[in-house]
DNA sequence: TTTCTTTGTTGATCTAGGTCATCGTTTTGC
DNA sequence: GCAAAACGATGACCTAGATCAACAAAGAAA
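Chains as they are written, first to last, in the numbering used here: chain X, 329 to 523; chain R, 329 to 523.
Rendered as structure tokens:
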């Protein structure tokens, strides 16, 4: 169960974890399973845990003043899921995080974060993770203002085909910032062009 | 000139810089001035410098396939300006960065980054900066899919009134993901509501 | 099986915001 | 000082995508 996490850390820190370090990790990261549709976090709560998905799929979303849900993040195996703002700044969460499938995670309690960051490869891994994440959301922001719906969908298909297979269309649509009807029509148009 | 930088670092690292650390900083961060309209970075180049703005204003933007500019970042005194992806991953820049006013900066060469990160308060400052930045772009992404143009403008007014005063409307419009005409009308409507 | 929920499609219509064009006003460069 | 550029406002029109509605199909639940 922990192997995926170790491997992830070693990959992104570009270094090897010692046995003692691995022990610290197993003492601070705890397994948690969530049934499909169960909430990992609700708006208004404190996000006390950061989760690494070992198996399953989750989605993060906000609810606006009109009660409309807007998907902000979709995550599957080997991804992190956390309300960063709430977790790092210890403020009430503005997002919901929900298991979309039955999901197994390893979760890091916020109060253990500082201990964990003493390990250089962990610090490096978090550093890289933040960097990558930031670049990705910058890219997403840019796409949303400069590309039409169809191009955004095609980009997602290219970049994260696995995501498209794991979530239904109305969730993907919301992630792309369009309605399910528009995504349905966009897919038809694209299919027409590539016979 | 360096005082602003020192102060910024001490503020966000929540610690005090020693004299020797300050010396390292003055040896690695170099002053650079840019005339209005001069480029700090062009698409395709390597972003070899991260800039801290001491005085002035800059904008970062991309140009899409149709030649339309999309403002991705606006920065004034005490802000950083850098193409993160290019700087950290050493890949060709996808953005332009241009001085909007005559600007004084302190710039950190990419090859000095690793030296600088040895100083704990610097590492901490970068950590915080990345964290904040990430949260901000997440917020911006959320706003753009969930709020109408008028609300986005009002939010910007509340959050960064200084930005609105320093840049012309067509730049602000692009930053908000709308056209200058729409911003003009939106402002009229808002002015009508608050007589 | 039967019922209920979730998912996806398609049509009709609407609208926020984009596009195009024009025209003052202000700034800037020389 | 003057021409040229940059800036901002406003009108007329257009369109990508939203909204509303109806319906089919496929799971999931019972």
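Think of the CB as a built atom: it goes at the ideal place given N, C-alpha and C, for glycine as much as any other residue. Bear in mind that the values here come from a model prediction, so they are computed numbers and not experimental data.
Since residue i contacts residue j with CB under 8 Å, what's their CB separation in whole angstroms?
i	j	result
residue 430 of chain X	residue 364 of chain X	5 Å
residue 444 of chain R	residue 354 of chain R	With a Cβ gap of about 12 Å, residue 444 of chain R and residue 354 of chain R do not count as contacting.
residue 410 of chain X	residue 378 of chain X	4 Å
residue 465 of chain X	residue 466 of chain R	6 Å
residue 399 of chain R	residue 502 of chain R	4 Å
residue 549 of chain X	residue 389 of chain X	Because chain X spans 329 through 523 in this model, residue 549 of chain X falls outside it and cannot be assessed.
Pick helix, strand or coil for residue i, following the three-state DSSP scheme.
i	result
residue 439 of chain R	helix
residue 340 of chain X	helix
residue 410 of chain X	coil
residue 547 of chain R	This structure does not reach residue 547 of chain R, given that chain R is present from 329 up to 523, and the question cannot be answered.
residue 515 of chain X	helix
residue 489 of chain X	helix
residue 502 of chain X	helix
residue 448 of chain R	helix
residue 327 of chain R	With chain R covering only 329 through 523, there is no way to say anything about residue 327 of chain R.
residue 370 of chain R	coil
residue 520 of chain R	helix
residue 356 of chain R	helix
residue 475 of chain X	coil
residue 400 of chain X	strand
residue 364 of chain X	coil
residue 464 of chain X	helix
residue 345 of chain R	coil
residue 510 of chain R	helix
residue 380 of chain R	strand
residue 494 of chain R	helix
residue 480 of chain X	helix
Chain X partners of residue i, CB-CB under 8 Å?
i	result
residue 473 of chain R	398, 472 and 505
Going along chain R, which residues have a C-beta under 7 Å from residue i?
i	result
residue 468 of chain X	469
Closer than 9 Å by beta-carbon distance: list the chain R residues that pair up with residue i, in chain order.
i	result
residue 463 of chain X	412, 413, 416 and 417
Q | Residues within the stretch 380-404 of chain X neighbouring chain R, beta-carbon criterion of under 8 Å | A | Those would be 390, 392, 396, 398 and 400, in chain order.
Q: Quick one: which residues of the stretch 489-518 of chain X get their C-beta closer than 7 Å to a C-beta of chain R? List them in chain order.
A: Correct list: 505.
Q | Touching by the beta-carbon criterion (3+ pairs, under 8 Å), the stretch 333-342 of chain X and the stretch 446-463 of chain X | A | Contact between the stretch 333-342 of chain X and the stretch 446-463 of chain X is present, because at least three Cβ pairs lie under 8 Å.
Q. Do the stretch 447-456 of chain R and the stretch 388-407 of chain X meet, that is, are 3 or more Cβ pairs less than 8 Å apart?
A. The stretch 447-456 of chain R makes no contact with the stretch 388-407 of chain X: fewer than 3 CB pairs, one atom from each, lie closer than 8 Å.
Q | Proximal residues, the stretch 477-488 of chain X versus chain R, C-beta separation under 8 Å | A | From the stretch 477-488 of chain X, no residue has a Cβ closer than 8 Å to chain R.
Q) If contact means a Cβ-Cβ distance below 8 Å, which residues of the stretch 443-458 of chain X contact chain R? A) Result list: 455 and 458.
(Q) Would you call the stretch 470-483 of chain R in contact with the stretch 405-423 of chain R, where contact means no fewer than 3 C-beta pairs closer than 8 Å? (A) Touching, no.
Q.
Three or more C-beta pairs under 8 Å: does that hold for the stretch 401-417 of chain R against the stretch 363-381 of chain R?
A. Taking one beta carbon from each stretch, the stretch 401-417 of chain R and the stretch 363-381 of chain R have 3 or more pairs nearer than 8 Å; the two touch.
Q. Given 8 Å as the limit, is there contact between the stretch 473-493 of chain X and the stretch 431-441 of chain R, that is, 3 or more CB pairs closer than that?
A. No, the stretch 473-493 of chain X is not in contact with the stretch 431-441 of chain R.
Q. Between the stretch 503-520 of chain X and the stretch 345-354 of chain R, are three or more C-beta pairs nearer than 8 Å?
A. The stretch 345-354 of chain R and the stretch 503-520 of chain X do not touch, with fewer than three beta-carbon pairs separated by less than 8 Å.
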